[in-house]
Each structure stands twice: as C-alpha cells, then as structure tokens.
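Colleague: First, the structure itself, so that you have it in front of you.
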Amino acid sequence: MPSLPEPLPHAAATLAVDYRHDPLEAVLADRRLLAVFGFGDQAPATHADPRYLRVNLPVHGGAPFECWRVQDEVRDGRSDDIAWSEDGHLQFGALDVADAGDGDIEQAAEQAYARLQAWLAAGDYPHPLRIWNYLDAITAGEGDEERYRRFCVGRARGIGRVLGPAELPAATAIGHPQATGRLQLYWLAAKTPGSPLENPRQVQAWRYPRQYGPQAPGFARAMLPASAAMPLLVSGTAAVVGHASLHGDSLEAQFEEVLANLGSLVERARAIRPDVPDRPGNGTRLKVYVRDADALPAVDALLRQRLPGVPTLLLHGHVCRRELAVEIDGVHA
1 MPSLPEPLPH
11 AAATLAVDYR
21 HDPLEAVLAD
31 RRLLAVFGFG
41 DQAPATHADP
51 RYLRVNLPVH
61 GGAPFECWRV
71 QDEVRDGRSD
81 DIAWSEDGHL
91 QFGALDVADA
101 GDGDIEQAAE
111 QAYARLQAWL
121 AAGDYPHPLR
131 IWNYLDAITA
141 GEGDEERYRR
151 FCVGRARGIG
161 RVLGPAELPA
171 ATAIGHPQAT
181 GRLQLYWLAA
191 KTPGSPLENP
201 RQVQAWRYPR
211 QYGPQAPGFA
221 RAMLPASAAM
231 PLLVSGTAAV
241 VGHASLHGDS
251 LEAQFEEVLA
261 NLGSLVERAR
271 AIRPDVPDRP
281 GNGTRLKVYV
291 RDADALPAVD
301 ALLRQRLPGV
311 PTLLLHGHVC
321 RRELAVEIDG
331 VHA
C-alpha cells in the first residue's frame, strides 16, 4: 500500500493546551511542543531545552505539566537571555529579571517590559496575545507604594507608549508565596493580532479609577485569537464587579463570582465566534490561584462540585488585591 502524503501545512495557527503527568523528557521529545511548564518544588528547576519553564508556585494535589502543542514542528533557542520557541504562526517567550522582593519592583518591571517590547518589535511575532507575570510580595507596601501598583507603573514605563484597547493582551499577575528574588515573565505571541475582549460585568482594567494606583493595569479581560483553531485565552479573573472587589468575607461567594465573570467572557466570545462552547468542559484548562494555603482544600472541593470534569491546576499564589482569595485563568475551546 502506498504511503499517505504528508498533510499540507495549516494556514492558521493552532494551539492545544493540556495537563500531562508524563516524565518531562517524554514530553519534550514531541517536536510539536511549543512550551511546557512545571510548577512548584516537585518540578525540575531548569532544563537545557528552552521550551521548559518552572513557575515557582506550589501545587495542591497532583503536579502535572502544562503543555502547549501546535500543528507544526517548532524551532527553539535562547537569545539575549530570552528563551523562545516558534512554529511559524506562534511564539513562546520567557525572561526573568532580578527582584529582591523588598527592592524596586518598578525598575524590574520597566526593565522586563522594555526587553519584551524590543524583542517583539525586532521579531516576526509582534502581537502578544497572552502574558503571565509572577513576582514576589505582590501586595506588600501601603497605598501607592504597594508592589503591584509599582509594578503597573514600571510595566507602563517599559512599554513606553499608551497601548490602545485593540493592542492590549490578556494577562495574569500573581505573587509568589515564598520569595524567589525574580520577576518572571512569559508570553504567547503571534504573527496575526487577536481580538481583545472585555467583560460587560467589569470596568476595563485600563480605566480603573485613581484609587487603585497611579497607573491603571494594562490588559484585556480575554483574547480571542484570529484563528478558530485556537482557544479563548482568559486573563486572571477574580471576584471583581465594576471595579470593586466583592465578598471579602466569603471564599465560596468569591468563587461563584469568578464563575459568573468567566461565563460572561465566554458569552462575549460566542457573540463573535458562535462555535465557542457555551460552558467549561473537557476542552477547557484552568489554573486556579488561591491566596491562603489553608483554603486550598476548600477550593478543590468547590472545583469538583461546580466544574466536574474540567481539568484544573490548583496553585498557591497571591492575588493582586489583598481582599481577593481566589483567581482563575486558562483557555477555553
């Protein structure tokens, strides 16, 4: 029997996100793997392969790897201390800079984002779809000296210009529960821009009033990529309605508010792309960040009750407002 011809390259970007318990070397053997992430002390600290990155957040329960797989084989490397991989449509990138925790996070953020902007401008993947930021002591400090507020100032200064709403990526910013001394940044970028989405239940983050700091956060609530073969990319989502945090005295009520915000974002995406599933299912992958380690079992129980069958990673991480107990981000396809 004659062999089948190789499939023609896809004209559009594809991305599949999964959680796998396989050994790291077996995962990395796949040349269509764009990136793989380990979490907590159970994961290897480093690897020679630039597609691997450890995020220093402890994992509750099992410790699977988060794997990003694309349609075409990737090439990868390290340039100017940036780890990267790409497949012709999408690019993963990661960098980190020194952050002493009690030092100048504003300067660290400015440095990191200036490097990111230069990298994007010089390459073939100029459109950041999704960015993750992990930093120490995210809510340490009072008033405008709070580290997350200083991070937002430094990020804006590093970008160097005001981004229009159509340019804003989806994003997450979470605090390490133990000091690492690093600001860690990684991203997914594309040759083709996506469509940033906002949540009708929430004020756009970039329009937050002055009470939240001298520089409003610069991100969209979600990103709908141009390719229908990619999932909806959901930003870090917490119990915020309008611009206010709700249910500061109830973990369960906050969790329900997060689910309402996720549902609103899915509804917004379906208005543009009706084939997006109307609720989380087995094509959804969620990372759940919990501020208080003692609350992890309760959140685990809520996930099993409210999102049965949805693969999740449950992480101990500090949300960017002290009164917020839980935040969720992920992909939905």
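All letters in the sequence shown, in the order written, are residues 1 to 333 by the UniProt record's numbering.
Beta carbons are placed, not taken as given, at the ideal position from N, Cα and C, and that holds for glycine.
In angstroms with no decimal places, state the Cα-to-Cα distance between R51 and E167.
Modeller: 26 Å
Colleague: Suppose contacts are defined by Cβ-Cβ distances below 8 Å. Is V331 in contact with V290 by that definition?
Modeller: no
Colleague: Among R201, L246, I138, T172, whose alpha-carbon lies nearest the alpha-carbon of A179?
Modeller: I138
Colleague: When you compare only the Cα positions, how much space is there between R273 and F37?
Modeller: 29 Å
Colleague: By the three-class DSSP mapping on this structure, what secondary structure does S227 have?
Modeller: coil
Colleague: So, helix, strand or coil for V241, using DSSP?
Modeller: strand
Colleague: Are V266 and V276 closer than 8 Å when you measure CB to CB?
Modeller: yes
Colleague: Quick one: give me the first and last residue of the alpha helix (DSSP H) that R147 is part of.
Modeller: 147–159
Colleague: When the Cα atoms are used, what is the spatial distance from R322 to H89?
Modeller: 38 Å
Colleague: On the DSSP letters alone, give me the boundaries of the alpha helix (DSSP H) that L302 sits inside.
Modeller: Its alpha helix (DSSP H) spans residues 296–306.
Colleague: Identify, in the order they occur along the chain, each residue of the same chain with its Cβ nearer than 6 Å to the Cβ of G236, setting aside the five sequence neighbours on each side.
Modeller: T172, E327, D329
Colleague: I'd like to know if the stretch 295–303 and the stretch 218–236 are in contact, where contact means that at least 3 CB-CB pairs between them fall below 8 Å.
Modeller: no
Colleague: Residue 358: buried (16+ other C-beta within 10 angstroms of its C-beta) or exposed?
Modeller: No statement about residue 358 is possible, as the shown extent of the chain runs from 1 to 333 and does not include it.
Colleague: Measure from the alpha carbon of A190 to the alpha carbon of each residue in W84, E146, P217, G309, then state which is nearest.
Modeller: W84
Colleague: Just list the residues that DSSP pairs H176 with in beta bridges.
Modeller: D136
Colleague: Report back the beta-carbon spacing between W187 and G317 to the nearest angstrom; my notes put them in contact at under 8 Å.
Modeller: Wrong, their Cβ atoms sit about 18 Å apart, outside the cutoff.
Colleague: At the level of alpha carbons, what is the spacing between R130 and D22?
Modeller: 26 Å
Colleague: Given a cut-off of 8 Å, decide if C152 and G77 are closer than it, judged by their beta-carbon atoms.
Modeller: no
Colleague: Tell me, please, whether the stretch 64–76 touches the stretch 101–121 by the rule of three or more beta-carbon pairs shorter than 8 Å.
Modeller: Counting Cβ pairs under 8 Å, fewer than three are found: no touch.
Colleague: Alpha carbon to alpha carbon, how far is S195 from F219?
Modeller: 12 Å
Colleague: If you check the beta carbons only, do E86 and Y148 fall under 8 Å apart?
Modeller: no
Colleague: DSSP on L314, reduced to helix/strand/coil?
Modeller: strand
Colleague: Whole angstroms are fine: how far does the CA of D136 sit from the CA of T192?
Modeller: Approximately 33 Å, taken between the alpha carbons.
Colleague: Apart from the five residues just before and just after Q215, which ones in its own chain have a Cβ nearer than 6 Å to its Cβ?
Modeller: These residues qualify, in order along the chain: C152, V153, A156.
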